[in-house]
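K.L.:
Submitted below is the structure of interest, expressed as structure tokens.
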Amino acid sequence: MKNILYYTILYILLATGSYMAFIFAPPIEGLGYTGQILYLHVPAAWMAVLSFLISGNSAAVYLFTKKENFAMSMHSCAEIGILFITAALVSGSIWAHTAWGTFWNWDVRETSVLIILLIYIGYFAIPVKKETGRIPNAGYLIIATAIMPIFVFIIPRIYPTLHPSPIVNQSGSIDLETPMRIALFFNLFVYTILFVTIFNLRNRIAKLEKNGDK
Amino acid sequence: MTLFLAALVVWGIIVGYLYWMDRRVSKLEKK
């Protein structure tokens, strides 16, 4: 019963987020309704970065403490990060088709995000051996998390890109009209709850898998 | 409006799947 209530509230929040994105927020000038992808694209990209950061932190804590909970957490976050970054990449690609005329044109931002996706997919190729446990996996994730901000935050700011400047620009202000800002931050809040829900569920599944192996 | 309705359907499928998964996991946890 508690679960039904929780998921109903989650659905209402997601539906409200979509209402804000498609009806409450005005369309972006020159882009029409394709611009509403912003409310999926930006929260998904932010959640991907958050997932990868938590994943790297959990990996570092796991290396020091060797507690299995952190190994599960790093693994879950890497998976969820891939989910969200794929959503950001696909939505960005659809947006690029309208705004730039092509789905893919090897723009710096597109390419750097694709490289991050490939780096994290590479993590799943590392086998878990009984002798070493998840130590190599944790090491890989720590390196991946150290590299990730360079691709997300630094390279797209150095090289010329078609991608618009980030929502929070270099002067620290947000260049968005108030309804768009409300819609964006509401969606960001809802995506965070979605992230927590998936993370919690994935961790519970990982515990069941571990108990099944014993 | 069409996009909003499409979003409602997509979120319905995603949340429905998560709920179904949660129920399965809860059942397995009780075992």
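For the record, the sequence lines run as chains A and B. Take 110 as the starting number for the first sequence in our numbering and just add one per residue. Take 5 as the starting number for the second sequence in our numbering and just add one per residue. Positions of the beta carbon are idealized from the N, C-alpha and C atoms, including for glycine. Keep in mind it's a predicted model, so treat the numbers as computed, not measured.
Would you mind telling me which residues of chain B sit closer than 7 angstroms to Y142/A, beta carbon to beta carbon, in chain order?
P.N.:
L7
K.L.:
Kindly indicate the opening and closing residues of the alpha helix (DSSP H) around P258/A.
P.N.:
I244 to P258
K.L.:
Quick check on H184/A: buried or exposed, where buried means 16 or more other Cβ atoms within 10 Å of its Cβ?
P.N.:
buried
K.L.:
Note the first and the last residue of the continuous alpha helix (DSSP H) segment covering V29/B.
P.N.:
T6 to K34
K.L.:
DSSP on G210/A, reduced to helix/strand/coil?
P.N.:
coil
K.L.:
Kindly indicate which three-state DSSP category I235/A falls into: helix, strand or coil?
P.N.:
Look at I235/A here: in three-state DSSP terms it is coil, with no helix or strand label.
K.L.:
Going along chain A in order, which residues have a C-beta closer than 7 angstroms to the C-beta of Y21/B?
P.N.:
Per Cβ cutoff of 7 angstroms: no residues; Y21/B is ~10 angstroms from chain A at best.
K.L.:
Whose CA, out of F133/A, N320/A, N296/A and R313/A, lies closest to the CA of P152/A?
P.N.:
N296/A
K.L.:
Would you tell me roughly how many angstroms separate the C-alpha atoms of V222/A and R27/B, rounded to the nearest one?
P.N.:
Rounded to whole angstroms, the separation of the alpha carbons of R27/B and V222/A is 35 angstroms.
K.L.:
So that I know if they touch, is there some Cβ in chain B lying closer than 7 angstroms to that of Y120/A?
P.N.:
yes
K.L.:
How would you list, in chain order, the residues of chain A whose beta-carbon sits under 7 angstroms from the beta-carbon of V13/B?
P.N.:
In chain order: nothing, as chain A lies at least about 10 angstroms away.
K.L.:
Flag this pair as yes or no: are the beta carbons of V29/B and I314/A separated by less than 7 angstroms?
P.N.:
Yes; because the gap between Cβ atoms is below 7 angstroms, this pair is in contact.
K.L.:
Can you pull out the residues from the segment 257 to 277 of chain A whose beta carbon lies closer than 8 angstroms to at least one beta carbon of chain B?
P.N.:
none
K.L.:
Taking just the CA atoms, how far does V217/A sit from T287/A?
P.N.:
For the pair T287/A and V217/A, the Cα-to-Cα distance works out to about 29 angstroms.
K.L.:
Is there contact between the segment 169 to 177 of chain A and the segment 205 to 217 of chain A, where contact requires at least three CB pairs shorter than 8 angstroms?
P.N.:
no
K.L.:
Taking only beta-carbon atoms, is N214/A less than 7 angstroms away from chain B?
P.N.:
no
K.L.:
When you compare the CB of Y116/A with every CB in chain B, is at least one pair closer than 7 angstroms?
P.N.:
yes
K.L.:
Would you give the residue range spanned by the alpha helix (DSSP H) that W155/A belongs to?
P.N.:
Membership of W155/A in the alpha helix (DSSP H) is indicated by the continuous run L147 to T174.
K.L.:
Name the chain B residues whose beta carbon is nearer than 7 angstroms to that of Y324/A?
P.N.:
Past the boundaries of the shown model lies residue 324/A; chain A is included only from 110 to 323, so the question cannot be answered.
K.L.:
In chain B, which residues lie with their C-beta within 7 angstroms of the C-beta of I314/A?
P.N.:
V29
K.L.:
Taking its Cβ as the centre, do 16 or more other Cβ atoms sit within 10 Å of F233/A, making it buried, or is it exposed?
P.N.:
exposed
K.L.:
Which residues of chain B have a Cβ atom closer than 7 angstroms to the Cβ of F295/A, listed in chain order?
P.N.:
Under the 7 angstroms cutoff, chain B gives no residues; its nearest Cβ is about 14 angstroms from F295/A.
K.L.:
Quick one: residues in its chain with C-beta nearer than 7 angstroms to the C-beta of S164/A, no 5 flanking neighbours on either side, listed in chain order?
P.N.:
Sequence-distant Cβ neighbours of S164/A in its own chain, meaning closer than 7 angstroms and more than five residues away, are M183, C186, A187, G190, L250 and T254.
K.L.:
Which chain B residues are close to A124/A, counting only those with a beta carbon under 7 angstroms from its beta carbon?
P.N.:
L12 and W15
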